[in-house]
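Numbering (the UniProt record's numbering), first residue to last: 1 to 141. Only one structure is covered here, and it is reproduced in the block below.
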(Lines of atoms letter the chains of each structure in order from A and count residues from 1; the text may use other names and numbers.)
(Lines give C-alpha, C1' and ligand atoms only; values in the text may rest on other atoms or scores of the structure.)
Protein backbone atom coordinates (compact mmCIF):
# COMPACT_ATOMS: atom_id res chain seq x y z
CA UNK A 1 0.00 0.00 0.00
CA UNK A 2 1.24 3.53 -0.65
CA UNK A 3 0.07 6.83 0.80
CA UNK A 4 0.98 10.28 -0.46
CA UNK A 5 1.38 13.02 2.13
CA UNK A 6 1.36 16.61 0.92
CA UNK A 7 2.43 18.92 3.70
CA UNK A 8 0.55 21.92 2.35
CA UNK A 9 1.99 25.29 3.35
CA UNK A 10 4.48 23.28 5.39
CA UNK A 11 7.14 25.98 5.43
CA UNK A 12 4.69 28.42 7.02
CA UNK A 13 3.80 25.96 9.78
CA UNK A 14 7.21 24.95 11.08
CA UNK A 15 7.24 25.40 14.85
CA UNK A 16 10.50 27.02 15.88
CA UNK A 17 10.78 25.01 19.13
CA UNK A 18 10.40 21.77 17.16
CA UNK A 19 13.11 22.84 14.70
CA UNK A 20 15.39 23.71 17.61
CA UNK A 21 14.73 20.39 19.37
CA UNK A 22 15.46 18.43 16.17
CA UNK A 23 18.81 20.19 15.73
CA UNK A 24 19.71 19.49 19.37
CA UNK A 25 18.61 15.83 19.02
CA UNK A 26 20.76 15.48 15.87
CA UNK A 27 23.73 16.77 17.92
CA UNK A 28 24.29 20.09 16.15
CA UNK A 29 26.57 22.36 18.18
CA UNK A 30 24.75 24.76 20.49
CA UNK A 31 26.40 27.72 18.74
CA UNK A 32 25.03 26.56 15.38
CA UNK A 33 21.55 25.94 16.81
CA UNK A 34 21.48 29.42 18.38
CA UNK A 35 22.65 31.00 15.13
CA UNK A 36 19.98 29.19 13.07
CA UNK A 37 17.25 30.06 15.56
CA UNK A 38 18.32 33.72 15.47
CA UNK A 39 18.16 33.61 11.67
CA UNK A 40 14.69 32.02 11.68
CA UNK A 41 13.18 34.18 14.43
CA UNK A 42 14.52 37.58 13.35
CA UNK A 43 12.16 37.92 10.37
CA UNK A 44 9.63 40.76 10.36
CA UNK A 45 7.16 42.03 7.78
CA UNK A 46 6.03 45.62 7.30
CA UNK A 47 3.00 47.00 5.51
CA UNK A 48 2.75 49.76 2.95
CA UNK A 49 -0.55 51.64 2.99
CA UNK A 50 -0.88 54.36 0.36
CA UNK A 51 2.89 54.25 -0.07
CA UNK A 52 3.72 54.74 3.62
CA UNK A 53 5.05 52.12 6.03
CA UNK A 54 2.44 51.26 8.68
CA UNK A 55 3.86 49.02 11.39
CA UNK A 56 5.22 45.50 11.22
CA UNK A 57 4.49 41.93 12.21
CA UNK A 58 6.89 39.42 13.73
CA UNK A 59 5.84 35.84 12.97
CA UNK A 60 6.07 33.26 15.77
CA UNK A 61 6.40 30.21 13.53
CA UNK A 62 7.33 29.26 9.98
CA UNK A 63 10.40 29.64 7.80
CA UNK A 64 10.69 32.72 5.60
CA UNK A 65 9.99 31.87 1.95
CA UNK A 66 12.98 32.76 -0.19
CA UNK A 67 15.48 32.05 2.58
CA UNK A 68 18.31 29.97 1.04
CA UNK A 69 18.38 27.84 4.21
CA UNK A 70 14.67 27.01 3.91
CA UNK A 71 14.95 23.60 2.19
CA UNK A 72 17.62 22.44 4.65
CA UNK A 73 15.73 23.60 7.73
CA UNK A 74 12.53 21.99 6.48
CA UNK A 75 14.46 18.79 5.75
CA UNK A 76 15.57 18.74 9.40
CA UNK A 77 11.95 19.04 10.55
CA UNK A 78 10.83 16.15 8.36
CA UNK A 79 13.80 14.10 9.60
CA UNK A 80 11.76 13.60 12.78
CA UNK A 81 9.16 11.69 10.74
CA UNK A 82 11.92 9.65 9.10
CA UNK A 83 13.28 8.59 12.50
CA UNK A 84 9.81 7.59 13.68
CA UNK A 85 9.24 5.47 10.56
CA UNK A 86 12.63 3.77 10.99
CA UNK A 87 11.82 3.04 14.64
CA UNK A 88 8.51 1.44 13.63
CA UNK A 89 10.35 -0.68 11.08
CA UNK A 90 12.91 -1.78 13.68
CA UNK A 91 10.08 -2.76 16.04
CA UNK A 92 8.61 -4.81 13.15
CA UNK A 93 5.31 -2.90 13.32
CA UNK A 94 5.92 -1.49 9.83
CA UNK A 95 7.46 -3.50 7.00
CA UNK A 96 7.79 -1.19 3.98
CA UNK A 97 8.31 -2.67 0.52
CA UNK A 98 11.22 -4.27 -1.31
CA UNK A 99 12.04 -3.72 -4.96
CA UNK A 100 13.86 -7.08 -5.06
CA UNK A 101 14.69 -9.84 -2.60
CA UNK A 102 18.19 -8.50 -2.03
CA UNK A 103 17.19 -4.84 -1.67
CA UNK A 104 16.55 -3.05 1.60
CA UNK A 105 13.00 -2.36 2.69
CA UNK A 106 11.65 1.12 1.86
CA UNK A 107 9.07 2.71 4.15
CA UNK A 108 9.07 6.15 2.54
CA UNK A 109 10.54 8.51 -0.04
CA UNK A 110 10.51 12.30 0.15
CA UNK A 111 10.73 15.17 -2.29
CA UNK A 112 10.41 18.77 -1.06
CA UNK A 113 7.18 18.85 0.99
CA UNK A 114 5.75 15.59 -0.41
CA UNK A 115 6.23 12.18 1.20
CA UNK A 116 5.22 8.74 -0.08
CA UNK A 117 4.72 6.08 2.60
CA UNK A 118 4.86 2.36 1.82
CA UNK A 119 3.61 -0.55 3.91
CA UNK A 120 1.72 -3.82 3.68
CA UNK A 121 -1.99 -3.38 3.03
CA UNK A 122 -3.07 -4.64 6.44
CA UNK A 123 -5.11 -3.21 9.30
CA UNK A 124 -2.14 -3.46 11.67
CA UNK A 125 0.25 -1.55 9.43
CA UNK A 126 -2.42 1.02 8.56
CA UNK A 127 -2.93 1.66 12.28
CA UNK A 128 0.83 1.92 12.77
CA UNK A 129 1.09 4.54 10.01
CA UNK A 130 -1.72 6.51 11.70
CA UNK A 131 0.01 6.23 15.09
CA UNK A 132 3.34 7.45 13.66
CA UNK A 133 1.64 10.39 11.91
CA UNK A 134 -0.30 11.34 15.05
CA UNK A 135 2.86 11.16 17.17
CA UNK A 136 4.73 13.29 14.61
CA UNK A 137 1.92 15.84 14.55
CA UNK A 138 1.89 16.04 18.34
CA UNK A 139 5.68 16.39 18.54
CA UNK A 140 5.89 19.03 15.83
CA UNK A 141 3.15 21.30 17.21
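Each residue gets a CB set at the ideal place from its N, CA and C atoms; glycine is no exception. Nothing here was measured: the structure is a model prediction, and the numbers come from that model.
Judged by DSSP secondary structure, residue 84 falls within the alpha helix (DSSP H) whose first and last residues are 70-90.
Proximity of the region 79-93 to the region 105-120 meets the contact definition, three or more beta-carbon pairs being nearer than 8 angstroms.
Counted as a single uninterrupted DSSP element, the alpha helix (DSSP H) harbouring residue 41 occupies residues 30-41. When secondary structure is reduced to three states using DSSP, residue 4 falls in the strand class.
For residue 52, no alpha helix (DSSP H) encloses it; the enclosing beta strand (DSSP E) starts and ends at 52-57. For residue 49, the enclosing beta strand (DSSP E) stretches over residues 45-49.
The beta carbon of residue 132 is closer than 7 angstroms to those of 84, 85 and 88 in its chain, skipping five residues each way along the sequence.
Under the DSSP assignment, residue 109 falls in the beta strand (DSSP E) whose first and last residues are 108-111.
Classified as exposed, residue 31 has fewer than 16 neighbouring CB atoms from the shown chains inside 10 Å of its CB.
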